[in-house]
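Colleague: Its first residue numbered 1156, the sequence shown is counted upward by one per residue in the working numbering.
From the three backbone atoms N, C-alpha and C, an ideal C-beta is built for every residue, glycine too.
Take a look at the following structure, please.
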Amino acid sequence: MANTVIQATPKQIEAMQKAYLSHMSDKIPAGAIFAVKKTGLSITAYKSGKVMFQGAAGEREAAKWGTATTPKVKSTKVSTSVLPPGFASKNVAGSDEVGTGDYFGPMIVAACYVDQAMMPLLKQLGVKDSKTMTDPEICEIAKKIIPVVPHSLLLLPNPKYNELQANGMNQGQMKAILHNRALENVLKKIEPIKPDAILIDQFAEKNTYYRYLAKEASIVREDVFFATKAEGLHLSVAAASIIARSRFVEAFREMERELGLQIPKGAGSKVDQVAADILDTKGAETLQRYTKWHFANTDKARKLSRRN
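What follows is the structure, encoded as structure tokens:
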């Protein structure tokens, strides 16, 4: 199968999410933001900014978004070249986010501090890459680690998300601000201890990340590293991912209780139909309160709505 790879900006990836929303796959590879499956075409966008186009139509489709780079041979190994030797055993504060590609539900960022003394306990409790775990497993482990791991959990509700987006803030900037503030909170909690390093699960290039934070009163800069697939690089990010995902699952349960409906995750066709049902029964104001309104799902739901 022919592969074409381009390097995309966060804004381009956000535009791709909108453009291919009706073809989103529920199966997302580790380290990816989204995956698309169409006849003769597969697209996978990674947190590193690389987007791979596969299939007969891959090269032509990629040309719509950017200039192709030389594709690398796929490897199951995670590159740790950006990190100092022995990083996995260092005392690290790490952060991760969830909910950025879901139409329903909030965006959530968590940050955790994990030192060497804490590592054996976390491993015993089952802390690992959350992508290999089910939601019930994640929620069960989160209950056990929340009392013992210094952490910060920040939730951006949909109404506030929609307000920021309408005022010109993109999703990448929202994520950067939440990561920075969550890490600040953790650093304050563990004072006077200073971590050996800080690891952010990478969703933007370093310069772009700090550009997003230009207006923030305080910015965490010292000993900060960015890496994709960071859950597998240090337990601090793995723990942060578990705590964030657990809260996301809880947020979905809250929505389902309030709406009296089963809400699908992601941004596929099932989401469009449920959104249309909410439009029909509860109105646009209610739907907007629970969704990322700028996603293409909104227009798709309007077309499916019986009110149309």
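On the criterion of 16 or more Cβ atoms from any shown chain inside 10 Å, does P1302 qualify as buried, or is it exposed?
Modeller: Exposed, since its Cβ has fewer than 16 Cβ neighbours within 10 Å.
Colleague: Alpha carbon to alpha carbon, what distance is there between P1240 and F1407?
Modeller: One C-alpha to the other measures close to 39 Å.
Colleague: Compare the beta carbon distance of H1389 and L1354 with 8 Å and say whether it is the shorter of the two.
Modeller: Going by C-beta atoms, H1389 is nearer than 8 Å to L1354.
Colleague: Please confirm if the region 1162-1169 is in contact with the region 1203-1211, defined as three or more CB-CB distances below 8 Å between the two stretches.
Modeller: Yes, they touch.
Colleague: Output the distance between the C-alpha atoms of E1386 and R1461, rounded to the nearest integer angstrom.
Modeller: Going from the Cα of E1386 to the Cα of R1461 covers about 44 Å.
Colleague: Determine the DSSP secondary structure at N1340, reduced to helix, strand or coil.
Modeller: N1340 falls in the helix class under three-state DSSP.
Colleague: What is the residue span of the beta strand (DSSP E) that G1249 lies within?
Modeller: Per DSSP, G1249 belongs to the beta strand (DSSP E) from 1247-1253.
Colleague: Who does H1306 pair with in a DSSP beta bridge?
Modeller: DSSP, once it has assigned bridges, lists C1267 as partnering H1306.
Colleague: Beta strand (DSSP E) containing S1391: first to last residue?
Modeller: No beta strand (DSSP E) holds S1391; the alpha helix (DSSP H) holding it covers 1390-1414.
Colleague: I need the straight-line Cα distance from I1332 to A1243, nearest angstrom please.
Modeller: The alpha-carbon atoms of I1332 and A1243 are separated by roughly 26 Å.
Colleague: What's the gap between the Cα of T1194 and the Cα of K1330?
Modeller: Going from the Cα of T1194 to the Cα of K1330 covers about 33 Å.
Colleague: Out of curiosity, what's the CA-to-CA distance linking K1272 and R1336?
Modeller: Inspection of the sequence shows that residue 1272 is occupied by Ala rather than by Lys. Their backbone Cα atoms lie some 25 Å apart in a straight line.
Colleague: Tell me which same chain residues have a C-beta within less than 6 Å of the C-beta of K1455, skipping the five on either side of it?
Modeller: Within the same chain, K1455 has close Cβ partners D1427.
Colleague: Counting C-beta neighbours from all protein chains within 10 Å, is the total for A1265 16 or more, i.e. buried, or is it exposed?
Modeller: So A1265 counts as buried.
Colleague: Indicate whether the contact test is met: 3 or more Cβ pairs, each with one atom in the region 1367-1375 and one in the region 1283-1303, closer than 8 Å.
Modeller: Segments in contact, no.
Colleague: Using only CA atoms, which one of Y1268, M1262, A1297 lies nearest to L1280?
Modeller: The candidate whose alpha carbon is nearest that of L1280 is A1297.
Colleague: Taking all protein chains shown into account, do 16 or more other C-beta atoms lie within 10 angstroms of the C-beta of P1419, making it buried, or fewer, making it exposed?
Modeller: Under this definition P1419 is a buried residue.
Colleague: According to DSSP, is F1242 helix, strand or coil?
Modeller: Helix, per DSSP.
Colleague: Let's see if you can read the secondary structure: which residues bound the beta strand (DSSP E) around K1315?
Modeller: Unbroken run through K1315 is the alpha helix (DSSP H), 1313-1321; no beta strand (DSSP E).
Colleague: May I ask you to report which of helix, strand or coil DSSP gives A1163?
Modeller: DSSP places A1163 in coil when its eight states are reduced to three.
Colleague: How would you label N1362, buried or exposed, when you count the other beta carbons within 10 angstroms and need 16 or more for buried?
Modeller: Label assigned to N1362: exposed.
Colleague: Fully enclosed by the region 1171-1222, which beta strand (DSSP E) runs are 3 residues long or longer?
Modeller: Correct list: 1187-1193, 1196-1201, 1205-1209.
Colleague: When DSSP labels each residue in this structure, what does N1325 get in the three-state scheme?
Modeller: Coil.
Colleague: Since I1355 sits in a beta bridge, which residues does DSSP pair it with?
Modeller: S1250, F1381, per the DSSP bridge assignment.
Colleague: Which term fits G1415, buried or exposed, when burial requires 16 or more other beta carbons within 10 angstroms of its beta carbon?
Modeller: Classification of G1415: exposed, given that the 10 Å Cβ count is below 16.
Colleague: Taking the alpha-carbon of P1184 as reference, which of L1196, Q1172, A1200 has the nearest alpha-carbon?
Modeller: For the residues L1196, Q1172, A1200, the minimum Cα distance to P1184 belongs to A1200.
Colleague: Is DSSP giving K1455 helix, strand or coil here?
Modeller: Three-state result, K1455: helix.
Colleague: Per DSSP, N1158 is paired with what?
Modeller: Paired residue(s): Q1209.
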